[in-house]
Amino acid sequence: MKQFIVFLFFIQICNLHYAQQSKVLNAYVTKLNSVKDYSVNAKIVAAVPMIKIKEVNAIIYFKQKDKFKIETKGIAVLPKQGFLDLNKFLATPSKYMAIESAGKEISGVQTTMVTVIPIDESTDVILAKLWIDSKRNIIMTSQLTTKSSGMLTTTYAYADQIPFGLPSSLVFEIDVKKFKMPKSVAANIHQTNKSTNNNKDQKGKITVYLTGYKVNKGLSDSIFK
Amino acid sequence: MMFFKNTYNEFIKIAAKPRSYIGLIALSVLIAVIIFAMKADGSTYISFVTASFEQTLSFSGDIMNGNLIAFIILQMLIVHIPLLVALVTGDLISGEANMGTIRMLASKPISRSQIVLSKFTAGALYTLLLTIWLGFLSLYVARWIFGTGDLMVLTSDGLIIHPESDIEWRYIYGFLTAYLSLLTVSTLSICLSAFAENSIGPIVSTMAIIILFTIIGTMDVTVFDTIKPYLFTTHMAAWRSYFEDPVPWDAINESIRILIYHNVILVAIALFQFNRKDITS
Chain A
1 MKQFIVFLFF
11 IQICNLHYAQ
21 QSKVLNAYVT
31 KLNSVKDYSV
41 NAKIVAAVPM
51 IKIKEVNAII
61 YFKQKDKFKI
71 ETKGIAVLPK
81 QGFLDLNKFL
91 ATPSKYMAIE
101 SAGKEISGVQ
111 TTMVTVIPID
121 ESTDVILAKL
131 WIDSKRNIIM
141 TSQLTTKSSG
151 MLTTTYAYAD
161 QIPFGLPSSL
171 VFEIDVKKFK
181 MPKSVAANIH
191 QTNKSTNNNK
201 DQKGKITVYL
211 TGYKVNKGLS
221 DSIFK
Chain B
1 MMFFKNTYNE
11 FIKIAAKPRS
21 YIGLIALSVL
31 IAVIIFAMKA
41 DGSTYISFVT
51 ASFEQTLSFS
61 GDIMNGNLIA
71 FIILQMLIVH
81 IPLLVALVTG
91 DLISGEANMG
101 TIRMLASKPI
111 SRSQIVLSKF
121 TAGALYTLLL
131 TIWLGFLSLY
141 VARWIFGTGD
151 LMVLTSDGLI
161 IHPESDIEWR
171 YIYGFLTAYL
181 SLLTVSTLSI
191 CLSAFAENSI
201 GPIVSTMAII
211 ILFTIIGTMD
221 VTVFDTIKPY
231 LFTTHMAAWR
241 SYFEDPVPWD
251 AINESIRILI
261 YHNVILVAIA
271 LFQFNRKDIT
281 S
């Protein structure tokens, strides 16, 4: 009898966990996991208040499970939690709960909204909202809220790498209201016009155009050293 | 012709004085210390600068490169180099008066005005040498040690990242403008030297003026707002403006104009003073 009760309890837990998984998200994660490695040419265009930078060309390398490298000749600015963090978080379904609900229409595509909540409290991610095209199993927009970096909204566009769920461009929207300049370093004692726009609530946008994907060609680990 | 010969002689006099090498040695040591510190723990310095941004953004690429080191060196040292300049140029006329050689100098077949102008020219050459040495050490040695790359500059308006291909001209103009600033210090100290009979007075007075003007420039008091634009110390950091985007050409031209005015006026005062100076007693 005791064993039967334990068995029933186990079944109940499994059902509960199953209920907290999203089929749409699982399909996306399966697609994501089909990419073992890739390299891609990137053009990074940053329009972030208080930062002036010209567009930068880079090569991005990725290898499962979490090897990631950006190779640039110059200095590139990217969101702190952009490329890998969301996918890394989503790759382990046992670490989060996912709830599906009706989404919105994005670029003429009706999406399903999946709200992802981590089970582990120690993780940096607080909440992730994903608008997924359930027919093609690709994320159209994501909204990641983290303890360290606040909210990051990413809009995805796709071209020829849809079978792998890899985007052709990513538009990151970041909150820049918290930027404070260290006065001892930044202050120009000879400057007479005082800057007044540092504390305004502003949005920054970083667009990454991705071309020339080489998917599952087998990348050497030495690239990531 | 006599003017050039006298200028050459003045430069030889500068070269013969041990104190003339203090500036070059001090610069070399200071730059070596900064380069060593940056090599040992430059990432801490960088993270201090970028800490505010790195809550949201990440920077990829080689930030700590020779171009950034050169900028840091210039920013740190441009405040202190005037002392090294004044140490030599503040002695050019008063040193002669102190040693009693001024009468012998004035007995040469050369006008007093030409004597003063040749001292100004020799002082300008020494200042140029110091600036070139500063440029060589900060830019080329730093690039040799740290490599080259994009330049990240922090201004009070934010962060500017200049591509590597867009940096060289900024440094060339920057050093030329920094030279004009140091030349103003050199001219000031020679001008004060025309009034003095000993070496220490003009050197200390030059530094005291620079400190006073700098403090007035930094004080956020409206009563000084009208005089701030006319103080030469306000324009000594004009070199930094070449690293802004867009470059404030009007402000730079204004700074250059004011520094040139200072030089012309100080040379005129020195000429006037030296021509009426009693050297017989």
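Quick mapping for you: the protein sequence lines, in order, are chains A and B. Taking the working numbering, the leading residue of the first sequence gets 1, the next gets one more, and so forth. Taking the working numbering, the leading residue of the second sequence gets 1, the next gets one more, and so forth. By construction, the Cβ of each residue, glycine as well, lies at the ideal position given by its N, Cα and C atoms.
Legend entry - Boundaries (first-last residue) of the beta strand (DSSP E) holding Glu-254/B: Unbroken run through Glu-254/B is the alpha helix (DSSP H), 249-275; no beta strand (DSSP E).
Inset, instruction - Within its chain, find whatever has a CB closer than 6 Å to the CB of Lys-217/A; leave out the 5 residues flanking it on each side and keep chain order. - result: none
Inset, instruction - Taking Val-77/A as the query, report the chain B residues whose CB atoms sit under 9 Å from its CB, ordered along the chain. - result: Phe-53, Leu-57, Ser-58, Phe-59, Ser-60, Leu-159 and Ile-161
Legend entry - CB contact check: Ser-149/A to chain B, cutoff 7 Å: yes
Legend entry - Cβ-based burial, Arg-240/B [other Cβ within 10 Å; buried from 16]: buried
Inset, instruction - Might you give, ordered along the chain, the residues of its own chain that have their beta carbon closer than 6 Å to the beta carbon of Val-116/B, omitting 5 neighbours on each side? - result: Ala-270, Leu-271 and Phe-274
Legend entry - Sequence ranges, beta strand (DSSP E) only - wholly within the stretch 144-177 of chain B, length at least 3: 151-155 and 158-162
Legend entry - 3-residue-minimum beta strand (DSSP E) runs that sit fully inside the stretch 48-120 of chain B, ordered along the chain: 57-60
Inset, instruction - Note the first and the last residue of the continuous beta strand (DSSP E) segment covering Phe-172/A. - result: 169-175
Inset, instruction - Find the nearest neighbour of Gly-95/B within the set Phe-213/B, Ile-200/B, Thr-234/B and Pro-109/B, judged by alpha-carbon distance. - result: Ile-200/B
Inset, instruction - Pull up the CB-CB distance for Gln-81/A and Leu-152/A, whole angstroms please, since I reckon it's below 8 Å. - result: 6 Å
Legend entry - is_contact[Thr-196/A, chain B] using C-beta, thresh 7 Å: Low confidence applies here, because Thr-196/A scores a pLDDT of 48, under 50, leaving its location unreliable; read the following figure in that light. Taking Cβ atoms only, chain B never reaches closer than 7 Å to Thr-196/A, which makes this a no.
Inset, instruction - Tell me whether Tyr-126/B sits in a helix, a strand or coil according to DSSP, three-state version. - result: helix
Legend entry - Contact list for Ile-53/A against chain B, beta-carbon separation under 7 Å: Ile-161
Inset, instruction - Alpha carbon to alpha carbon, how far is Val-56/A from Ile-223/A? Give it in angstroms, no decimals. - result: 20 Å
Inset, instruction - Identify the continuous beta strand (DSSP E) that holds Phe-224/B and give its terminal residues. - result: Per DSSP, Phe-224/B belongs to no beta strand (DSSP E) and is neither H nor E.
Inset, instruction - Determine, using beta carbons only, whether Thr-145/A comes closer than 7 Å to chain B. - result: no
Inset, instruction - Return yes when at least one heavy atom of the ligand ATP lies under 6 Å from the C-beta of Val-247/B, else no. - result: By its list of ligands, the structure shown contains no ligand whatsoever, and the ligand ATP lies outside what it can speak to.
Inset, instruction - Select from the stretch 136-152 of chain B all residues with a C-beta closer than 9 Å to any C-beta belonging to chain A, and list them in chain order. - result: Gly-149, Asp-150, Leu-151 and Met-152
Legend entry - Nearest-angstrom Cα separation, counted from Ile-167/B out to Phe-232/B: 26 Å
Legend entry - Member of Pro-93/A, Leu-210/A, Lys-147/A and Tyr-209/A whose CA lies at the smallest distance from the CA of Leu-32/A: Pro-93/A
Legend entry - Residues from the stretch 60-81 of chain B in contact with chain A, defined by Cβ distance under 8 Å: Ser-60, Gly-61, Asp-62 and Ile-63
Inset, instruction - Specify, as a first and last residue, the run of the beta strand (DSSP E) that Asn-216/A falls within. - result: Asn-216/A -> no beta strand (DSSP E), and no H or E assigned at all.
Inset, instruction - Thinking Lys-119/B and Leu-92/B are a contact (beta carbons under 8 Å), I'd like their distance in whole angstroms, please. - result: 5 Å
Legend entry - Per-residue DSSP class, three states only, for Ile-139/A: strand
Inset, instruction - Assuming Lys-52/A and Gly-158/B form a contact by the criterion Cβ under 8 Å, report the distance between their Cβ atoms to the nearest whole angstrom. - result: 7 Å
Legend entry - Outcome for Ile-206/A when other beta-carbon atoms lying within 10 angstroms are tallied against a minimum of 16: buried
Inset, instruction - Check whether the Cβ atoms of Val-77/A and Leu-134/B sit closer than 7 Å, and answer yes or no. - result: no
Inset, instruction - Look at the alpha carbon of Asn-197/A and the alpha carbon of Ile-256/B, and state the distance between them as a whole number of angstroms. - result: Unreliable positioning characterises Asn-197/A in this predicted model, as indicated by a pLDDT of 49, which lies under 50. The coordinate reading is nonetheless provided below. The alpha-carbon atoms of Asn-197/A and Ile-256/B are separated by roughly 29 Å.
Inset, instruction - Count the CB pairs spanning the stretch 179-199 of chain B and the stretch 96-113 of chain B that are closer than 8 Å, and state whether there are at least three. - result: yes
Inset, instruction - Could you check how far apart the C-beta atoms of Val-153/B and Phe-71/B are, in whole angstroms? I think they sit under 8 Å. - result: 6 Å
Inset, instruction - Would you kindly check if the distance between the Cβ of Ser-186/B and the Cβ of Gly-147/B is under 7 Å? - result: no
Inset, instruction - Report yes or no: is there a C-beta of chain B within less than 7 Å of the C-beta of Lys-80/A? - result: yes
Inset, instruction - Mark Leu-84/A as exposed unless 16 or more other C-beta atoms lie within 10 angstroms of its C-beta, in which case mark it buried. - result: exposed
Inset, instruction - Closer than 9 Å by beta-carbon distance: list the chain A residues that pair up with Glu-10/B, in chain order. - result: None at all; the shortest Cβ gap to chain A is about 32 Å.
Inset, instruction - Kindly indicate which residue of Ala-268/B, Thr-206/B and Ile-132/B has the alpha-carbon position closest to the one of Ile-172/B. - result: Ile-132/B
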